[in-house]
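Numbering-wise (numbering that gives the first Met the number 0), the sequence shown opens with residue 0 and increments by one.
All C-beta atoms, glycine included, are put in the ideal place defined by N, C-alpha and C.
Note that this is a predicted model, so its numbers are computed, not measured.
Heads up, the thing below is written out as structure tokens.
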Amino acid sequence: MKESLADKARAFLFSLLLHGVLIGLIALGLMWTTATRTVVMPGPVIEASLVGPTSAPKPTSRKASARTERPKPTPPPPKVVEEKPKPDSVPPLEPLKQDLIDQQRVAAMAEQKADEARKEQEEKRRREQILLEQEKQEAARQKELEQVRKQLADAEKKKNLEKERLKQLQDKRLADQQQAEKERMDELLEQESRQAQTGGGGQDNDLTARYADAIQAAVTQNWNRPESIPAGLRCTLLIVQIPGGDVISANVTSPCNADPAARLSIEQAVMRAAPLPYRGYEKVFSREITFNFKYDGQG
């Protein structure tokens, strides 16, 4: 990890302060151990008495001088006091050693505190670096989540657009189918109208019309009409039969304006109505007939 300029300056100040403390402690120890020493010369102490005019006896009176002078006693010799030689005033080593130990202890404590402060700063920088890395990772994760949300939103929008487009296509197809069925239904009704107008003009057309009415009546009698079917129902039936009127198959084809349930009920009605009318209609009988089933709300 590269140290910044502020960290280097802080370390230099700590070092300078530590050296100043050490120098102050050393100076204080030297002042503490230094004491005023009295210089004493080695050897015995000699005491002496002055002899001279200052120590001459005072003059006496004449009476005293006339008397016989007595001899003066001889003063005793001065005592020589032998003084033991004093040892040199050498400072004891023990206090100096203790001072040095104390100084070293203080220096060690100061160095330990400086080391602890440096370690604390390093730990603080390490925690800050960890927090910074965590913040970067969290920011990157949030950015990825935002991108995923955006992709999901775009996918959902695209899906909704596809659904709407599909619904529009289905509605258009259904409308086209309904329009086609309506046109074919109109054509069928017009054809029925033409048949009704020309049915009395010939025997075959009249027999065909009566044959269609007979099949319509037979199927309607066997039809279990659902209640939901409204009036105006028109469906084309493709019926396959054999002579005698037995039905092989019956399928509702277009045009037909009924729902799937109504279509199925009409097919089942044809199968239940079998055998279909046959006797008397042999001339117009056909194995495959297209039958127009209708319901106008009667029956």
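- Scanning its chain for C-beta atoms nearer than 6 angstroms, with the 5 sequence neighbours on each side dropped, one finds around N250 the residues L237, in chain order.
- Around the C-beta of E266, 16 or more other C-beta atoms lie within 10 Å, and the residue is accordingly described as buried.
- By the neighbour-count definition (other C-beta atoms within 10 Å, threshold 16), F11 is an exposed residue.
- Around the beta carbon of A257, 16 or more other beta carbons sit within 10 angstroms, so the residue counts as buried.
- Ranked by Cα distance from E281, the options M270, A261, Q240, S264 are led by Q240.
- According to the DSSP assignment, P259 belongs to no beta strand (DSSP E) but to the alpha helix (DSSP H) extending over 259-272.
- When secondary structure is reduced to three states using DSSP, L236 falls in the strand class.
- Checking the DSSP bridge columns, you'll see N291 partnered with T235.
- Under the three-state reduction of DSSP output, A26 falls in the helix class.
- In the three-state DSSP reduction, A249 falls in the strand class (E or B).
- Within a 10 Å sphere around the beta-carbon of A5 sit fewer than 16 other beta-carbons, which makes this residue exposed.
- A direct Cα-Cα distance of roughly 5 angstroms separates V218 from A268.
- Rounded to whole angstroms, R233 and T252 show a C-alpha spacing of 11 angstroms.
- For P254, the secondary structure class from DSSP, reduced to helix, strand or coil, is strand.
- Nearest to S227 by C-alpha distance, out of P259, A211, S248, Q220, is P259.
- Buried is the label assigned to I214, since at least 16 other Cβ atoms lie within 10 Å of its Cβ.
- The Cβ-Cβ distance between G244 and P276 falls below 8 angstroms.
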